[in-house]
Structure formats: structure tokens, C-alpha cells
Amino acid sequence: MSEEILINITPMESRVAVVENGILQEVHVERTRKRGIVGNIYKGKVVRVLPGMQAAFIDIGLDRAAFIHASEIFLCDGSAEASISVLVHEWQNIVVQVIRDEIGSKGARLTTQLSIPSRYLVYMPRTTHVGISLKIEAEAERERLKQIVSEYIAAENIKEMGGFILRTAAEGASATEILMDIRYLRRLWDQIDAQTKTISAPSVIYEDLCLALRALRDLVSPKIKKIRIDSRETFERATQFVAELMPEIADRLEHYHGERPIFDLYGVEDEIQKALEHKVLLKSGGYLVVDQAEAMTTIDVNTGTFVGYRNLEETIFKTNLEAATSISRQLRLRNLGGIIIIDFIDMEEKEHQRQVLRTLEKQMERDHAKTNIISITELGLVQMTRKRTRESLEQVLCEPCSSCHGRGKLKTPETVCYEIFHEILREARAYQAKGYKVLASQKVVDRLMDEESSNFAELENFIKRTISFQVETIYSQEQYDVVLL
């Protein structure tokens with residue numbers, strides 16, 4: 001299985017694509033004017049404490065105050081106190097880290113449990129815990145890695161050393177490579193810690209890497225055979241970053257200067273457009289319907305034109321198996337997070353249900369985000385969660401429709417005509433006027449003068465006023481005005 005990372009840099013935005021066997025699996029977009037702030041550390045000021053919500057709002061220098069829950073405020077001994085009123089008070093200075101970007105109407109989410117990632121480790125200066133990624137399954141390897149870190153901590157004998165989590169990338173890494181990472185993280189923390197004591201609030205203390213370098217740190221695995229970068233400047237920065245932190249991948253870096261845009265190599269641009277669509281076609285003829293809402297995302301599986309070869313149960317089973325693989329890709333590609341409900345086609349056989357669920361779990365193991373899949377419910381639904389830290393692809397690239405205001409539906413011309421009917425009746429009862437002029441879109445005016453002409457003739461007789469119509473080309477289908485003459 002061959003994977004590549006394509007990095008496209010322009011003055012306006014940076015984009016990273018992960019391609020597996022020629023098929024796009026993930027895409028990350030960061031706008032220059034709206035960089036993500038997950039991982040950034042700030043010295044903030046408490047502006048409001050909400051005991052009823054066990055939370056507080058913190059001014060960290062953004063347009064909107066950020067949010068922290070009591071469970072994310074850790075005391076010196078590593079425990080979390082229950083009452084927010086005991087933990088913080090208004091106008092108090094506090095050092096926090098962003099764990100979720102501003103998404104929609106919600107402000108950034110914060111924690112005081114600081115963590116700084118590197119290639120193989122995550123350093124947590126305010127805990128003494130040493131943990132290992134669950135994706136490293138071999139017990140001997142887990143023990144080896146834990147021993148390397150524990151021996152370093154014991155040898156250094158530094159008070160308040162902090163804790164570490166060994167990332168999945170640490171599997172197979174040498175002791176020298178891990179110790180280099182530890183020393184790098186300790187030097188970085190010393191700089192951050194010194195700043196926290198002198199800087200005033202609200203201010204940023206530490207900013208995470210730009211998207212291109214984050215991709216090198218977080219997305220590169222042994223499966224990645226090539227990393228192509230189309231910007232000379234970014235390529236040079238990446239070369240320096242790799243030399244310092246991850247020299248073993250230096251030979252995989254490549255400066256792309258081909259005539260074709262880098263995202264055209266594997267049809268990435270077309271795949272991004274498809275990832276914004278409501279419907280996802282399956283090779284068999286079935287399809288998925290993806291609905292992203294604020295509270296949750298729902299995915300519906302349908303057989304479509306797939307009629308199968310043997311019987312209905314087998315057709316449904318094959319469709320659901322294909323859908324499970326496609327869903328795991330769509331979650332990564334669209335960066336969907338939070339609560340996700342999957343409505344597979346109902347299966348009678350328990351073994352089929354088990355295999356579909358196992359396929360989904362197996363495919364989700366490749367996901368960098370933390371996921372939790374719950375078994376199929378009595379209604380045949382699969383409930384799962386996927387950690388949401390940044391905006392989804394749709395939220396980055398799109399905005400709510402100005403015509404339907406995000407509903408995804410428009411009122412029919414017939415409905416708008418009847419609303420105009422009711423509006424004229426209200427106006428006639430409230431004001432004296434010689435007549436009324438209706439300003440509306442072409443479709444609505446056409447209907448008023450055709451299918452609804454007899455109704456409006458009756459209305460004119462009833463209110464004893466004339467009604468005229470005027471097309472406004474800039475009006476959406478739902479827009480109209482009733483003008484008194």
C-alpha cells in the first residue's frame with residue numbers, strides 16, 4: 001500500500017492531501033487570514049464565571065471569548081476540582097491551551113492541561129504520567145518504550161519533570177531518537193515557561209506549527225513513500241525541520257515543480273468538490289447520503305441501482321460492507337467530528353451485522369482522530385463519535401446559503417404567493433392605500449399572473465384595491481415586498 005502527501009502552498013492558503021494508491025483519503029486546508037489555533041498556548045484573563053454551567057469564559061485576545069469547563073482545569077497535584085468557583089475567579093490570569101478551534105457560533109475550547117507534541121512524544125509538563133498510544137499493541141514494544149522514558153526521567157532527576165505520551169510513530173524508534181525528542185521538548189517548555197512569568201494577559205505564548213510542518217510531524221508514517229511540496233520556500237523550511245526532528249524521512253521529501261498543478265496529479269481538486277456534495281456514489285450502484293448538522297452528522301446507506309446476484313439479504317450485506325469502507329474515508333476526507341449516526345440498511349443475520357461493524361472498526365483504525373464506535377442498536381443504527389478539534393471541510397470552504405439561510409430548502413413559488421396574499425390582507429386592515437405593488441422574483445411573479453391570477457382577482461374585489469406586480473431580478477425566490485401606493 002503506497003501513500004503520498006501532497007502539499008500545495010499559495011499566498012492565500014495552504015493545503016495538504018493524503019493520497020493512498022492514487023485515491024484521496026484526507027485533505028487539510030488552512031487559510032492565511034484564518035489560521036487554526038488548536039495547540040496554541042495563551043496567557044488569558046477570566047472574564048466571566050458561570051457556576052450553573054461549571055464553566056468560565058476566558059479572554060485570550062480573540063474576537064470572541066474562549067470557553068473552559070471545570071473538568072479541564074487541573075490542579076498542581078494533577079486532580080480536577082468539581083466547583084468552577086473554587087478553581088477560578090473573574091480577572092484572574094490563567095495559562096491555557098486551545099483544544100478546539102472556534103466552530104460555527106461556538107468559541108474556542110480550552111484546557112489548562114498543557115501538551116506539546118513532537119515526532120514521537122507528547123510532553124505534558126503538568127503531570128507525571130507516562131502513557132503509550134493504544135495503537136502500539138505489542139506488549140514487548142510498549143514495555144521497551146516505557147523503559148526508555150522512565151530511565152531518562154530517573155537519570156535527569158529534575159523536579160517537576162512532567163509526563164510523556166509515546167505516540168504511534170514511536171513504534172520501532174531507537175532510544176537515541178526518542179531521547180532527542182525528549183530533550184527538544186524540554187528545551188521548548190523551558191522557553192514557554194519563562195514567557196508565562198513575564199508576558200501580560202491576554203497574549204499568545206506559543207503557536208503550533210504551520211499546516212505544512214504539522215503534516216510532516218503528525219501525518220508521516222512508514223507507509224508514506226513520498227512527500228511532494230510545490231513551494232521552494234516551504235520545501236526548504238521542511239528540509240530544515242526534518243533534519244532537526246525527523247532525519248529518517250529526509251529522502252522522502254521532494255520539491256515538485258511540474259507543469260501541472262500538484263493537486264491535479266491524482267484528481268484531488270475533483271475529489272474535494274465531491275466531498276462537499278450531499279450524495280456519495282458507491283461503485284456497486286448504492287449510495288450514501290451525508291447530512292452535517294450542528295448537533296450531529298447522519299449518514300444514510302441506500303442500495304440505489306445495485307440489485308445483487310443472489311438474494312435481498314446478500315445484496316444488502318454487500319452494500320453495507322462497501323458503505324462501511326466508504327464511510328471511514330468520508331469521515332476523514334470531510335473531517336467530520338462529534339456525534340455520528342450511521343443508518344445501515346437493515347440486516348436480518350447477526351453475523352452480517354457483526355462483519356459490517358468489524359469492517360467499519362478496521363477501516364477507522366487508520367484514522368488519526370480518536371474514534372469510538374458503539375454496537376448496532378435495535379433500530380439498526382451505528383452510533384459513534386470522532387474527536388472534533390478543527391472545522392470540517394464544509395465549514396472551512398462553505399457558508400450558509402443566503403437564499404435558504406442554511407436550511408438546504410427553498411419555499412416553493414406557491415408558498416411565497418400565499419404569504420404575499422396574507423401580507424396584503426394584513427396591510428389592507430392596518431392602512432388605507434390606493435393600491436399595492438408586489439415586488440418579487442421572476443418565478444413568483446409568473447405564478448401570481450398565471451396559476452394564482454384568479455385568486456388575486458378575488459383578493460382585489462375583497463379589499464377593493466388594485467394589485468400590480470414587478471419583477472426584481474436581484475430577489476431570491478423567497479424574497480418579496482408589498483409596497484403601498
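Just so we're aligned: 141 in the numbering used here is position 141 of the sequence shown, and the numbers increase by one with no gaps anywhere.
C-beta: ideal position from N, C-alpha, C; glycine also.
Note to self: Let me make sure I understand the geometry here. Which of I374, E399, H368, S454 has the alpha-carbon closest to that of T389?
What the structure shows: H368
Note to self: Taking the alpha helix (DSSP H) that L219 belongs to, which residues open and close that run?
What the structure shows: 211-219
Check: Within this structure, are the beta carbons of S2 and K223 separated by less than 9 angstroms?
Finding: yes
Next item on the list: Look up D251 in the DSSP assignment and say whether it is helix, strand or coil.
Entry: helix
Next item on the list: Report yes or no: do the stretch 238-251 and the stretch 265-278 share at least 3 C-beta pairs separated by less than 8 angstroms?
Entry: no
Item checked: Residues of its chain near N335, where Cβ-Cβ distance is below 6 angstroms and the 5 sequence neighbours each way are ignored -> S392, L393
Note to self: Quick check: I227 and E399, are their CB atoms within less than 9 angstroms of each other?
What the structure shows: no
Checklist line | For T319 and E207, the rounded distance between their alpha carbons | finding: 45 angstroms
Next item on the list: Would you identify the three-state DSSP class for G52, choosing helix, strand or coil?
Entry: helix
Next item on the list: Might you give, ordered along the chain, the residues of its own chain that have their beta carbon closer than 8 angstroms to the beta carbon of K443, omitting 5 neighbours on each side?
Entry: P413, Q477
Margin query: Tell me the rounded alpha-carbon separation between I41 and N311.
Written below: 58 angstroms
Notebook entry, point to check: Does DSSP put S2 in a helix, a strand or coil?
Noted result: coil
Check: Which same chain residues, not among the five before or five after D101, have their C-beta less than 8 angstroms away from its C-beta?
Finding: G36, I37, V38, A108, T389, R390, E391
Notebook entry, point to check: If you drop the 5 nearest sequence neighbours on each side, which residues of the same chain put their C-beta closer than 6 angstroms to that of I73?
Noted result: L87, T112
Item checked: Proximity to L253 [Cα-Cα], best of P117, A212, D190 -> A212
Check: Taking the continuous alpha helix (DSSP H) assigned at H352, which residues delimit it?
Finding: 350-364
Note to self: For the pair the stretch 420-429 and the stretch 451-469, tell me if three or more CB-CB distances fall below 8 angstroms.
What the structure shows: yes
Notebook entry, point to check: Does DSSP put S71 in a helix, in a strand, or in coil?
Noted result: helix
Check: Is the beta carbon of D343 sitting closer than 9 angstroms to the one on T303?
Finding: no
Note to self: Give me the residue from F421, G406, L397, V18 with the minimum Cα distance to E294.
What the structure shows: G406
Margin query: Which residue marks the beginning of the beta strand (DSSP E) containing Q470, and which one marks its end?
Written below: 466-471
Checklist line | Cβ-based neighbour list, L333, same chain, cut-off 8 angstroms, excluding 5 preceding and 5 following | finding: L24, Q25, E26, V27, E271, A275, L393
Next item on the list: Report the residue from F241, S203, V416 whose alpha carbon sits nearest the alpha carbon of V98.
Entry: S203
Next item on the list: Confirm, please, whether the CB-CB distance from I327 to L360 is below 9 angstroms.
Entry: yes
Item checked: Exposure label - M234; buried when at least 16 CB within 10 Å -> Reading the sequence as shown, one finds Thr at residue 234 and not Met. By the neighbour-count rule (16 or more Cβ atoms within 10 Å), T234 is buried.
Checklist line | CA nearest to the CA of L179, picked from S441, L121, L50 | finding: L121
Margin query: Which residue marks the beginning of the beta strand (DSSP E) containing E143, and which one marks its end?
Written below: No beta strand (DSSP E) contains E143, which is instead part of the alpha helix (DSSP H) from 139-156.
Check: Using a Cβ-Cβ cut-off of 8 angstroms (strictly less than) and excluding sequence neighbours within five positions of L282, which residues of its own chain qualify?
Finding: L288, G304, F306, T319, E322, A323, S326
Margin query: What does DSSP give as the partner residue(s) for I339 in the beta ladder?
Written below: M296, T385
Item checked: Span separating the alpha-carbon of I136 from that of V220 -> 16 angstroms
Check: What residue range is occupied by the uninterrupted beta strand (DSSP E) comprising D481?
Finding: 480-484
Next item on the list: Reducing DSSP to helix, strand and coil, say where K443 ends up.
Entry: helix
Next item on the list: Can you say whether A243 is buried or exposed, counting buried as having 16 or more other CB atoms within 10 angstroms of its CB?
Entry: exposed
Notebook entry, point to check: Looking at K43 and N93, is the spacing between their C-beta atoms short of 9 angstroms?
Noted result: yes
Next item on the list: Excluding the 5 residues preceding and the 5 following K225 in the sequence, name in chain order all residues of the same chain whose CB lies nearer than 6 angstroms to its CB.
Entry: S2
Note to self: Going by DSSP, what residue range makes up the alpha helix (DSSP H) through I178?
What the structure shows: 175-198
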